[in-house]
């Protein structure tokens, strides 16, 4: 449970307002993503440059969660897919999905002590609201796929598949766009398989989606 019974606050930033929290969000991302399943050995300079794209992209948003003290305890990002990493847009286009119709929910990070407090739902609510306001009917995100027997997998690890499914997202088969980063303990970057999930905001879908 969180360290306080007071509800944290959620705010949505866009444009130049994102620049004011670059370092705070960068450090939070490096800290949270270091844990399994991402095992991301992050770099502050890279994170700053990456997050600047959300200030520069028209339609991009950064959602912050703040503790009652005002400290940032979580952050979530989203942007039009056509403004994000080009390999993602290419993968969708090659599989019959127009990238210009997709709003991409990039990443969410939240300090462990604040999980289970509804903040994850708030992050999706805000990003989906931003998508609707801009006329998008498709929202997508991806998550890293690790082997079931990965040596750094904690015994109590629980994937978020059930949470995403309850939010209306479905696995999208047939689209591959690996991402690369350096794992904790490694000396160089390696490619990671990423599983894409999608949701149509204008209707409910069941089962697994297939490209084309």
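Numbering (our numbering), first residue to last: 1 to 212. Think of the CB as a built atom: it goes at the ideal place given N, C-alpha and C, for glycine as much as any other residue. Just so we're clear, the structure is a prediction, and the values are computed from it rather than from any experiment.
For residue 33, no beta strand (DSSP E) run applies, since DSSP gives it neither H nor E. Taken atom to atom, the span from the alpha-carbon of residue 91 to that of residue 69 is near 42 Å. Counting of Cβ neighbours within 10 angstroms places residue 199 among the buried residues, the total reaching 16 or more. Residue 88 sits away from residue 75, with the two beta carbons spaced by 8 Å or more. Here DSSP, grouped into helix, strand and coil, assigns residue 60 to coil. The alpha-carbon of residue 96 is positioned some 18 Å away from that of residue 85.
Taking the Cα positions, residue 27 is about 7 Å away from residue 44. Of the other Cβ atoms in all chains shown, fewer than 16 fall within 10 Å of the Cβ of residue 17; this residue is therefore exposed. Counting only unbroken stretches of 3 or more residues, the beta strand (DSSP E) elements lying wholly within the region 115-197 are 138-144, 170-173, 179-181 and 190-192, in sequence order.
In the displayed model, residue 89 falls within a helix according to three-state DSSP.
The continuous beta strand (DSSP E) containing residue 10 extends over residues 9-13.
In this structure, the alpha-carbon of residue 62 lies about 12 Å from that of residue 122. Distance check between residue 144 and each of 183, 166, 111 and 127 places 183 closest, using alpha-carbon atoms only. Each of 33, 14 and 57 was checked against the Cα of residue 83, and the nearest Cα belongs to 57.
Annotation for residue 107: the continuous beta strand (DSSP E) segment containing it runs 102-110. Assignment of residue 6 by DSSP, reduced to helix, strand and coil, places it in the coil class.
For residue 80, the enclosing beta strand (DSSP E) covers residues 72-80. Non-local C-beta neighbours of residue 112 in its own chain, meaning closer than 7 Å and more than five positions away in sequence, are absent. Residue 201 holds the alpha-carbon nearest to the alpha-carbon of residue 169 among 201, 107 and 159. Inter-residue distance for residue 165 and residue 124 is about 12 Å (C-alpha atoms, whole angstroms).
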